[in-house]
Amino acid sequence: MKTIAKNILISSQRGFTLIELLAVMSIITVLATIVTTTVSGTSETSRDAQAQQDASTVGSAAASYFSDRDGAEALSPLAVTVLDVFPDVEQKTSSRWPERHLTVAYASVLPGDAITTVTQIDFLDEDGAVLTVIDPANNQAIDFTVEDLLKGYTAIDFDLLVDNSYMAETPASAKQGAEVYAPYLWAFEKAGTSGSLSADSSRNIIIFRLVTVTQLAPGVDDTVILLYQKIV
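Mapping of the sequence shown onto the numbering used here: residues 4 to 235, in sequence order.
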C-alpha cells in the first residue's frame, strides 16, 4: 500500500512529458494564429491610409480634368427609385467633371429596382458617430440618408481619368473584386465656389468604407443592411 501511495505521489509531482509539452505548444500556436487573424483584419487600417493618400492624387487629377473642359456644361439627370424606399430620386452628373451616377457605378449597393437585397444603408462619420447633415428648413442636424447621397454626390469615373492620362491607374481601394458590395465608395461631393452662380460648381473627394453587412433573415432570404463609414 505504501509503495502504491509513493508511486502516486511521485506521479503527481513529476514534470510535463514531451507529449504534454507538444500539446501545450500546439495550443499556444492556435492562440497565436487566432490573434494574428484578428490583427490581420486591421489591415483595413492600412488600406484606409492608402485610400486617404490616393484621395489627394484623385483630387488633383479631377481638378486638371475640370480645367481642361471648355464649352457649355451638359447635365445628365437620372431619376430612379432606390432601395424601394426613395422614389424617383434625381441624380445629376456634369460633363465638366469625370463622374458617373452612383446607382450605375455602385449598382449592387444602390440598386435602382424594386427587387433588391439591400433594404437599408446607414452612414457613420470619421469618428464613428451617426453621420448628419443640416436641415436648411430649421437649421437642425438630421441623419444623412441615401437620398442625401444621391442628390449631393456623384461617383468618380476613374476610366475617364486613366484613359485620358490624368492618372496612371485606378486606386486599389476603388476596384471591386469578388465582393458582393463595394468595400469602398469613392464619390464627389458637390460644393459651391466663391463667385460662382452654381451651387455645385466644385467637387470634394469623399470616401466611405464598408463596415458591416447585417443579414436580416439568414437562411430565408438575402436581405441585408449595410453600414458605411466616412474616412475622407
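Just so it is clear, CB atoms sit at the ideal spot from N, CA and C, and this is done for glycine as well.
Cβ contact annotation for E102 (same chain, cutoff 8 Å, sequence separation greater than five): T96, T157, A158, I159, D160, F191, R206, in chain order. Residue state for Y68 is assigned as helix, using DSSP reduced to three classes. S70 is the residue among A54, T20, S70 whose C-alpha sits nearest the C-alpha of S204.
Exclusion of the five residues before and after E129 leaves K233, I234 as the residues of its chain whose Cβ lies within less than 7 Å of its Cβ.
Beta bridge pairing from DSSP links P80 with K95. A75 is the residue among A75, A140, T20, S168 whose C-alpha sits nearest the C-alpha of S98. In the DSSP assignment, A108 falls within the unbroken alpha helix (DSSP H) covering 105 to 108. Secondary structure remark: continuous beta strand (DSSP E) runs of at least 3 residues inside the segment 164 to 197, in chain order: 187 to 194. The three-state reading of DSSP puts F147 in coil, since its state is none of H, G, I, E or B. Per DSSP, S204 lies in no beta strand (DSSP E) segment and is marked neither H nor E. Within the same chain, Cβ atoms closer than 6 Å to the Cβ of L113 are found at V85, L105, T106, the five residues on either side in sequence being excluded.
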